Structures are given as structure tokens and as C-alpha cells.
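S.K.: Following this note's numbering, the numbering of the sequence shown begins with 33 at its first residue and continues without gaps.
Beta carbons are placed, not taken as given, at the ideal position from N, Cα and C, and that holds for glycine.
Predicted model only: the values in this text are computed from it and were never measured.
Let me begin by handing over the structure; questions about it come next.
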Amino acid sequence: MCPCTNAGQDPHLTLGHGGKADFRGVNGTIYAFISSRNVSMGIRTEDATFKLGALTVHGSFMTGVYFNLRTSKGRHFHVAFDTRNVNGNGWGWRMVRTDCARPNNSLPYHIGPHRRRECDGLVAAVEMASLSVKHQEWAFVATAQPVYDRIAGPHHRLDVQVTLLGDERVLRPHGILGQSFDGDGRPRQGALDVYPDKSIAAEFTTAAMAEGAIEGTAADYALPAPRATAFAYSRFDSRDAQLPPTRGAAARIARATDDGVDAQQAAEFRARRLSESECPCPSPSAPPSGR
């Protein structure tokens, strides 16, 4: 299974090892989607209303992504991509704000299409409507997309892909997406919004918050500001020896030893080193329109 996750559309999540969930979020709130040693990715959701065939959907989209990376030299590399900074074509000359400085200092620098910023070996690069951020243990891509058939709310949204380059058994990441890399190789399945028939004129409001796929509740992952890294399950400042297993990991591995097939799969997973290269993620689930 490719070691990647993604979040896209309104918003549908593909979790580590193939799990699925939907996540509405609370309007204007930033949530910790990835939290790992020296790495944090927060995502802001905004409410939106749009058409899906004859159906009027009251849902949400991801409109801001915030990376906070601590470098090998102790500097903080902040990278922010906000769809409010893109034009009608989904890009802008100052669409991404970066900052590479010691804690409590700020040296902001904006980048646009075909520009990049490096900070102690970490890289943020923009190619028209997409931002890529490279870390030794993670690779991220965020792409601006138009909101089709918009009625109210943001004009553009973000789709985000995350590839794990390190070993999940060592990193034990957390966050709404990150915790699905829990070391057992099995998918987590979360709550999904069930859309009515799009050919019938009606109204529908999304509500799923990835229940069943995450520890605690969505509120436990809220971040107070774009540069914040602390939340209930934060791994940003943790050392390997201090990290508890994510929910269900130990129990699922223990269960695997009681089942011959699962035990073999678990052993193969433990022995497998994750690839050092990026690989394509499956697309997240979507309503029939492909929105």
C-alpha cells in the first residue's frame, strides 16, 4: 500500500492504508492534520454552499494550509498557502508566504509561480496553482482548485496530498490524517456523508467529522493560530521514546498474532521499509458528480 494520504473536495479524506472518512470542520477553524517530530501541517476549513446537480449542498472546503517545520539547525520554516491570495485562475504572485528564522523571529518572504524557498535543506516550491513542501520524512503537495457551481463561500479550495517518506513505526505521527499511519498496516474507516440523489432538487448539509477514524473528537485537533503546533495529541516536540502508540495500534497488532493470515501480513509490514520516493495517492471518495 502506498504510504500516502490525501484530503480534497468537500472534504473527503483518503487515510493511510486505504481508509476513508469525511471531515466538515467548523467554519474558520484550523485543524492539525499532520503532527510528527518537528513537523506540523494545519488546515483551515470554511463553510460553502454549492450545487451538485439539482442538489444544493451546505458543506465546506479546505482554504488554507499551514506548515511548521523545525530544521536541523533549530530554525522554524513556516509556509502558508491561503486561497484568498490566488486570482481567478488559481494562482498569485504572492500566493505563498514563507518564513525561515529562529523561534520568535520573523523573516517573511512571498513566493509565486516557478519560485522556491529553501531553509536549512527544507524546500517549498510553487508551480502555478500548486505548492510542494519537502522534508526528510514527509512530502506535501497542496493545489488550488475552483469551487464549481458556487452559491456562497470561498471561490477556491485546496486539495492536499501527503506522502510519508519515513518509517511510521518510528515516527508514530498523529493528527487527523497522520494517526492513520499507526504501524499496523490496516485501514481506519471513519464517518462518511451520504449524499441524496443529485438529480432531485433538495438541500443537504454535511456533518461527518471523521468519527471512528480519529482519537477523541475533531475539537481536540483545533489549533489557535496558523503557526501553532500544540493540541491534545501533538507529536511536534516529542522524542521517539516518549511517544505512546496511536489508538488501536497495539491492540490490532496483538490481534494479528491470533490469526495466521493477519500475523503474516503484520510480519511483512513490520519488515517493510517505506519507500524514499513519492508515489501516487488514490483519489478521495466523492459524490457522483466528482466534485
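1) Compare the C-alpha of Arg-147 against each of Arg-271, Ser-162 and Gly-51 and name the closest.
2) Opposite Leu-87 in the DSSP bridges: which residues?
3) Please confirm whether Phe-268 and Ser-138 have their CB atoms less than 8 angstroms apart.
4) So, for Leu-47: in the same chain, excluding its five sequence neighbours on each side, which residues have a beta-carbon less than 7 angstroms away from its beta-carbon?
5) For Lys-166, count neighbouring C-beta atoms within 10 Å of its own C-beta (all shown protein chains included) and say buried if the count is 16 or more, exposed if not.
6) Could you check which residue in Ala-64, Gly-85, Ala-257 and Val-58 has the C-alpha nearest to that of Asp-79?
7) Glu-159 lies in the beta strand (DSSP E); which residues open and close that run?
8) What residues in its chain sit with their C-beta under 8 angstroms from that of Asp-291, if we drop five residues either side in the sequence?
9) Bridge partners for Gln-177 per DSSP, in chain order?
10) What are the uninterrupted segments assigned as beta strand (DSSP E) that are 3 or more residues long and contained completely in the region 57-135, given in chain order?
11) So which of Gly-124, Ser-67, Arg-107 and Leu-203 has the shortest CA-CA distance to Asn-136?
12) Hey, Glu-235 and His-90 are a contact pair by Cβ (cut 8 angstroms); roughly how many whole angstroms apart?
13) Report the option in Arg-102, Ala-86, Ser-68 and Gly-222 whose CA atom is closest to the CA atom of Pro-228.
14) Quick test of the definition: if touching needs 3 or more C-beta pairs under 8 angstroms, does the region 181-196 touch the region 142-157?
15) Return the bridge partner residues of Gly-210 from the DSSP annotation.
16) Let me know if Ala-176 comes out buried or exposed under the rule of 16 or more other beta-carbons within 10 Å of its beta-carbon.
17) Give a yes or no on whether the C-beta atoms belonging to Ala-133 and Pro-258 are separated by under 8 angstroms.
18) Let's test the definition: count the other Cβ atoms within 10 Å of the Cβ of Ile-66 and tell me whether it reaches 16, buried, or not, exposed.
19) If we count the other Cβ atoms within 10 Å of its Cβ and call it buried at 16 or more, is Ile-232 buried or exposed?
20) Check the DSSP bridge columns for Glu-150 and list the partner residues they point to.
21) Under a Cβ-count criterion, where at least 16 other Cβ atoms within 10 Å of its own Cβ denotes burial, should Ala-251 be classed as buried or exposed?
22) Tell me the rounded alpha-carbon separation between Val-226 and Ser-104.
23) Alpha helix (DSSP H) containing Leu-45: first to last residue?
24) Taking DSSP's pairing of strands, which residues face Asp-54 in a bridge?
25) With Leu-190 and Ala-174 assumed to form a contact (beta carbons below 8 angstroms), what rounded beta-carbon distance in angstroms separates them?
26) Tell me the residue span of the beta strand (DSSP E) that contains Arg-220.
27) Given a cut-off of 8 angstroms on the beta-carbon distance, is the pair Ile-75 and Ala-39 in contact?
28) Taking the alpha-carbon of Val-326 as reference, which of Phe-82, His-142 and Ser-68 has the nearest alpha-carbon?
29) With a 10 Å radius around its C-beta and 16 neighbouring C-beta atoms as the bar for buried, classify Asn-121 as buried or exposed.
30) What is the C-beta distance between Arg-102 and Leu-203, in whole angstroms, given that I count them as a contact (C-beta under 8 angstroms)?
31) Thr-115 and Pro-186 - do their beta-carbons sit closer together than 8 angstroms?
M.R.: The short version:
1) Ser-162
2) Residue pairing for Leu-87: DSSP places it in a beta bridge opposite Leu-84 and Ala-234.
3) no
4) Thr-37, Ala-53, Leu-209, Ser-212, Pro-219, Arg-220 and Ala-245
5) buried
6) Val-58 is the residue among Ala-64, Gly-85, Ala-257 and Val-58 whose C-alpha sits nearest the C-alpha of Asp-79.
7) Glu-159 -> beta strand (DSSP E) spans 154-159.
8) Confidence in Asp-291 is poor, its pLDDT being 36 and thus under 50, which makes the residue's placement unreliable; the coordinate value appears in the next sentence. Result list for Asp-291: empty, nothing under 8 angstroms.
9) DSSP output for Gln-177 lists Arg-189 as bridge partner(s).
10) 62-68, 71-84, 87-102, 108-114 and 128-133
11) Arg-107
12) 7 angstroms
13) Ala-86
14) no
15) According to DSSP, which records beta bridges pairwise, Gly-210 is partnered with nothing at all.
16) buried
17) no
18) buried
19) exposed
20) Val-155
21) exposed
22) 45 angstroms
23) Counting along the chain, Leu-45 falls outside any alpha helix (DSSP H), though it belongs to the beta strand (DSSP E) covering 44-46.
24) His-44
25) 5 angstroms
26) Here Arg-220 belongs to no beta strand (DSSP E), and DSSP marks it neither H nor E.
27) Result yes, Cβ atoms of Ile-75 and Ala-39 sit closer than 8 angstroms.
28) Because the chain in this structure spans residues 33 to 323, residue 326 falls outside the shown range and cannot be described.
29) exposed
30) About 14 angstroms; that fails the 8 angstroms criterion.
31) yes
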